[in-house]
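One structure is given here, and the rest of the page talks about it.
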Amino acid sequence: MSTLERIKNVAAELLKIESSRVLETSRFVEDLGADSMQSIELVAAFEEEFDIEMDEDAALAVKTVGDAVGFIDKVLAEG
Amino acid sequence: MNIVETFIAKAQENPARIVYPEASDSRIIQAAVKVQAQGIAHPILIGNADEVHALASELKLSLEGIEIVDSKTDPSLETYSQAYADKRDLREAIAKKLVRKPLSFGGMMVNQGVADGMVAGVATATSIVIQTATLTVGFQEGLSTPSSFFIMILPQFQGEQDKIFLFADSAVNIQPSAQQLAEIAIASGTNAKALLGIDPKIAFLSFSTQGSAGHADADKVIEALSIARQINPAFEMDGELQLDAAIIPSVAAKKVKESTVAGQANVLIFPDLDAGNIGYKLVQYMAHAKAIGPILQGFAKPVNDMSRGASVDDLIAVSAITSVQARG
Chain A
1 MSTLERIKNV AAELLKIESS RVLETSRFVE DLGADSMQSI ELVAAFEEEF
51 DIEMDEDAAL AVKTVGDAVG FIDKVLAEG
Chain B
80 MNIVETFIAK AQENPARIVY PEASDSRIIQ AAVKVQAQGI AHPILIGNAD
130 EVHALASELK LSLEGIEIVD SKTDPSLETY SQAYADKRDL REAIAKKLVR
180 KPLSFGGMMV NQGVADGMVA GVATATSIVI QTATLTVGFQ EGLSTPSSFF
230 IMILPQFQGE QDKIFLFADS AVNIQPSAQQ LAEIAIASGT NAKALLGIDP
280 KIAFLSFSTQ GSAGHADADK VIEALSIARQ INPAFEMDGE LQLDAAIIPS
330 VAAKKVKEST VAGQANVLIF PDLDAGNIGY KLVQYMAHAK AIGPILQGFA
380 KPVNDMSRGA SVDDLIAVSA ITSVQARG
């Protein structure tokens, strides 16, 4: 499964929404309804899915699903 | 004795267990050693034990008697993760990834009663400290808003020396709703009593005094007072009041009828962060008041946020405050 698909599934699970609602262009807060607390949990959920650790400040600055793909692929590549 | 010395003396009477999740910062090690030595609190450091001891050695400090907990390997990680997963309806694997982070682990130690309070923020953004505390420690009963207050000490006020006021919220909530304003007042009243030992007289401030100016902003303050009275009818509260009607007896006598608060208020609730933040700085710089804060409030147990530039002395003072808040 691609990074994008995995991110969509994780976001849908954590935010308790249909995965079909999660698009590459979706903004976590404005479009998917993530509140500031869920944003912290999303970071942890991505870390769990990809078995990585992310810098929390930098990860929380990521606004869209597409940007999260780029961010996580970079962390994986630096692995 | 200045107020910080007073907090330290009070903390020493019954020191609380305070967790510090940022033990990789040398200021935390230095503060923890002093806090332990002076009996202000029982410090718990979160970090890798070898790394924390190495840092202490570099600083030529002994960590004897100070507990060190590694959030990534501690056996309690399982229990805390399970508790977090249940509380937030999350998969345990995700909860575990979150709780193994030092700040969340510290919050869960407080949540689970293993620590009485937490001091963090020297290496973490304030927003993350507040959000993590909200997720882990949770709120004081009846409240759902994290907020902050400043202790303002005026060298001279109406013939009184070192007069203490509590100002809220001057740092966290930008445009509080009536409900949030009410909660800020209740949390502030609680702290005025627990931390300062003063009998709170809470004024909900406005540009209007008891209906003198009809405006939606004043209506919000009136609604906040009504909600606050429902949350805690025992507190002495009044509003909406202009600042002079709140703190100057002669003005209150002219403008306000039948109030035990007007003219005598010592807890000032500002209608929004513009007023609260500008207000405390005006008093600090133009009236030469000492401002201590922001101190966080509203959580079920005390969590305090430090600025990234905090000194070891700042950490010791806030540790004493946290200890006193915890023992309330």
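Line by line, the protein sequences give chains A and B. Under my numbering, think of the first position of the first sequence as 1, with each following residue one higher. Under my numbering, think of the first position of the second sequence as 80, with each following residue one higher. Beta carbons: idealized from backbone N, C-alpha and C, even for Gly.
What residues from chain A crowd round residue i, counting only those whose CB sits closer than 7 Å?
i, result
"B/ALA172", "GLU48"
"B/LEU156", "Going along chain A, no residue has its Cβ under 7 Å from B/LEU156, so there is no contact; the nearest lies around 13 Å."
"B/LEU169", "GLU41"
Name, in chain order, the residues that DSSP records as bridge partners for residue i.
i, result
"B/ILE383", "Before going on, a small fix: residue 383 of chain B reads as Asn here, not Ile. B/VAL198, per the DSSP bridge assignment."
"A/PHE71", "Note: A/PHE71 sits in no beta bridge, so no partner."
"B/SER226", "B/GLN376"
"B/MET316", "B/ILE281"
"B/ALA247", "B/PHE228 and B/ILE348"
"B/PHE218", "B/PHE378"
"B/LYS242", "B/LEU233"
Do you know how far the Cα of residue j is from the Cα of residue i?
i, j, result
"B/ALA90", "B/SER398", "9 Å"
"B/PHE93", "B/GLU143", "The sequence as given places Asn at residue 93 of chain B; Phe does not occur at that position. Each residue's alpha carbon lies about 20 Å from the other."
"B/SER338", "B/GLY318", "9 Å"
"B/GLY372", "A/GLU5", "45 Å"
"B/ILE253", "B/SER136", "43 Å"
"B/GLU84", "B/ILE400", "10 Å"
"B/ASN383", "B/GLY407", "15 Å"
"B/ILE147", "B/ILE123", "6 Å"
"B/ASP241", "B/LYS336", "29 Å"
"B/ARG170", "B/ALA292", "52 Å"
"B/ALA204", "A/GLU13", "27 Å"
"A/ASN75", "A/ALA61", "What sits at residue 75 of chain A in the sequence shown is Val, not Asn. Computed Cα separation, rounded: 15 Å."
"A/ILE52", "B/PHE378", "31 Å"
"B/LYS22", "B/SER206", "Here chain B has residues from 80 to 407 only, and residue 22 of chain B is not among them."
"B/LEU274", "B/LEU304", "23 Å"
"B/LEU361", "B/HIS367", "9 Å"
"B/ARG308", "B/ILE125", "40 Å"
"B/GLN376", "B/ILE263", "8 Å"
"B/ALA331", "B/GLY290", "14 Å"
"B/ILE348", "B/PHE283", "5 Å"
"B/GLY276", "A/PHE71", "50 Å"
"B/ILE301", "B/LEU233", "28 Å"
"B/PRO350", "B/ILE310", "18 Å"
"A/GLU24", "A/SER2", "12 Å"
"A/VAL65", "A/SER26", "6 Å"
"A/GLU78", "B/MET80", "55 Å"
"B/SER390", "B/TYR364", "21 Å"
"B/ASN190", "B/SER329", "47 Å"
For residue i, which residues in chain A fall below 9 Å Cβ to Cβ?
i, result
"B/LYS360", "The contacting residues do not exist; B/LYS360 stays about 26 Å from chain A at best."
"B/LEU177", "ILE40, GLU41, VAL43, ALA44, ALA45, GLU47 and GLU48"
"B/LEU450", "A query on residue 450 of chain B cannot be resolved here, the shown segment of chain B reaching from 80 to 407 and no further."
Which chain B residues are close to residue i, counting only those with a beta carbon under 7 Å from its beta carbon?
i, result
"A/GLU56", "ILE207"
Any heavy atom of the ligand SAH closer than 7 Å to the beta-carbon of residue i?
i, result
"B/SER291", "Absence of the ligand SAH from the depicted structure is noted, as is the absence of any ligand whatsoever, leaving it without description."
Inside the region 130-180 of chain B only - beta strand (DSSP E) runs reaching at least 3 residues = 146-148
3 or more residues per run - each beta strand (DSSP E) lying fully within the region 322-395 of chain B = 346-348, 369-376 and 382-384
Of the residues that make up the region 15-47 of chain A, which ones have a beta carbon closer than 7 Å to any beta carbon in chain B?
-> SER36, MET37, ILE40, GLU41, ALA44, ALA45 and GLU47
If you measure beta-carbon to beta-carbon, which residues of the region 184-218 of chain B are closer than 9 Å to chain A?
-> THR203, ALA204, SER206, ILE207, ILE209, GLN210, THR211, THR213 and LEU214
Which ranges does the alpha helix (DSSP H) cover as unbroken runs of at least 4 residues, wholly within the region 10-66 of chain A, from first to last along the chain?
-> As far as the region 10-66 of chain A is concerned, its whole alpha helix (DSSP H) runs of at least 4 residues are 36-50 and 56-60.
Give, in chain order, every unbroken run of the alpha helix (DSSP H) that is at least 4 residues long and sits entirely within the region 83-130 of chain B.
-> 105-116
Interfacial residues, the region 272-286 of chain B to chain A, with Cβ spacing under 7 Å = none
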